[in-house]
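This report refers to the structure that appears directly beneath it.
Numbering (this note's numbering), first residue to last: 308 to 453.
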């Protein structure tokens, strides 16, 4: 019988579970913290009347963010420029990022792209896209194979 130390009680995680945590399954997450790539975290929700996307963009100015809605795809892109490093300073840790990102989200067929609106407040970009009624949805068609 092996004793478990008191301070580790309640923190038993098998090596198997630790290997298959969320970062294993979420490939872009592997790069989010490394400085090589930034992908903003988003909340995506839908009601009967609209689709809403909220993106966390702390430190980004709205002038450096571009939002486009086209062909059923919402694209959010942006750049952040970092101030020049001073040669006299010796950095022990440098985690402030600069660079650009591009995030694309597929929209439902009922999204009215022409009526999309967006606003930025406190580092959160909110994009709201109204939805058409189901019966107003465009008709599909059968394509001829050539």
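Beta carbons: idealized from backbone N, C-alpha and C, even for Gly.
Residue i - DSSP class collapsed to helix/strand/coil
i           : result
residue 369 : helix
residue 362 : strand
residue 428 : strand
residue 423 : coil
residue 441 : helix
residue 416 : coil
residue 357 : strand
residue 395 : coil
Boundaries (first-last residue) of the beta strand (DSSP E) holding residue i
i           : result
residue 386 : 380-387
residue 433 : 431-437
residue 351 : 349-353
residue 409 : 406-413
Residue i classed as buried or exposed, judged by whether at least 16 other C-beta atoms fall within 10 angstroms
i           : result
residue 381 : buried
residue 347 : buried
residue 261 : Summary: the structure shown does not reach residue 261, with the chain confined to residues 308 through 453, and so no result is reported for it.
Same chain, Cβ closer than 7 angstroms to residue i, five either side skipped, listed in chain order
i           : result
residue 408 : 345, 346, 347, 384, 385
Beta-carbon proximity list for residue i, same chain, < 8 angstroms, skipping 5 on both sides
i           : result
residue 430 : 363, 364, 365, 366, 367
residue 425 : 374, 432, 433, 434, 435
Residues near residue i by beta carbon distance below 6 angstroms, same chain, minus five either side
i           : result
residue 331 : At residue 331, the pLDDT of 47 sits below 50, so the modelled position is not reliable; the number obtained from the coordinates is stated separately. So no residue of the chain qualifies.
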